[in-house]
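Note that the numbering used here has the sequence shown beginning at 84, numbered continuously upward.
Quick reminder that beta carbons are idealized off the backbone N, C-alpha and C, glycines included.
Scroll down for the structure; my scribbles are underneath it.
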Amino acid sequence: MGLRDAIKAHRSLFIDAKILLRDISVNNILLKICDGPKDYGGILIDLDLATLFKDGEAQGKLEAMTGTMQFMPLEILKNSLAVPGAVVSNSYRHDLESFFYVLLWISIRYGWPDNKSPYLDFLRKWYSGTAEEIHTNKKMLMKLETFGEEIYEFISPIFNNVRTLVWTFWKIIFRKGEDIATGTTHDPDTLYNPIIMAFEKTILK
């Protein structure tokens with residue numbers, strides 16, 4: 084529920100307030116518990132790297148590369164490699180891809196006996212090394228021929244119920260024939276709506 088609420092909040096910020104966060108990570112999504120264990124949700128915090136959009140263009144200063152490394156989108160990593168130090172344009176899709184990495188990170192990192200994931204070395208490849216190495220490691224995992232086969236093994240037992248959600252989220256964000264898509268569609272709701280719906284279906288189970 085917390086991650087779903089954070090995505091809903093992100094959609095509202097982007098579509099209604101024209102604000103793009105540009106830094107989605109496990110550290111800026113807070114879970115809130117109100118009256119009981121089933122009454123909880125999520126909120127977004129930390130807008131330090133957020134930018135305002137007007138007429139489809141980002142306002143204010145843009146950075147060469149923004150975000151938390153382990154949750155950074157493939158296209159941002161790739162564009163930063165093309166011309167070192169060049170300004171990289173973020174989009175709402177990039178933030179949604181970061182939400183996907185957050186879901187995957189939590190599902191792999193937590194929920195193991197004694198809270199000791201056997202895949203810490205795997206996760207370390209998302210933030211350790213050069214930007215080129217990190218891009219290569221992430222892209223290899225996101226490919227169709229490797230993602231479906233490997234990812235279920237990595238997800239901890241306590242998160243078995245989100246396996247279908249992970250797979251659906253991946254298809255919405257990346258699936259494009261036999262290749263992976265990293266570009267941004269013009270209509271944000273073509274991504275927001277099916278992603279939120281996938282979370283709703285998982286929550287109802």
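Per DSSP, cross-strand counterpart(s) of residue i
i: Arg258; result: Ile263
Spatial distance of residue i from residue j (CA atoms)
i: Pro156; j: Glu180; result: 6 Å
i: Ile286; j: Asp262; result: 30 Å
i: Pro271; j: Tyr175; result: 7 Å
i: Ser163; j: Arg87; result: 29 Å
i: Asn111; j: Gly231; result: 28 Å
i: Ala100; j: Pro277; result: 21 Å
Residue j beta carbon less than 8 Å from that of residue i
i: Asp178; j: Arg105; result: yes
i: Phe237; j: Ile189; result: no
i: Leu103; j: Phe154; result: no
i: Ala214; j: Leu248; result: no
i: Ile217; j: Leu132; result: no
i: Leu203; j: Phe252; result: no
i: Met225; j: Phe257; result: yes
i: Ile128; j: Leu113; result: yes
Start-to-end residues for the alpha helix (DSSP H) that takes in residue i
i: Pro57; result: Nothing in the structure corresponds to residue 57, since the chain is present only between 84 and 288.
i: Lys91; result: Gly85 to Ile98
Assumed close pair residue i, residue j - CB separation to whole angstroms, cut-off 8 Å
i: Thr265; j: Leu274; result: Contact flag wrong, Cβ pair sits at about 12 Å.
i: Trp124; j: Gly85; result: Note that residue 124 is Gly in the sequence shown here, rather than Trp. That pair is a contact at about 6 Å.
i: Ile279; j: Lys91; result: 6 Å
i: Ser239; j: Ser200; result: 7 Å
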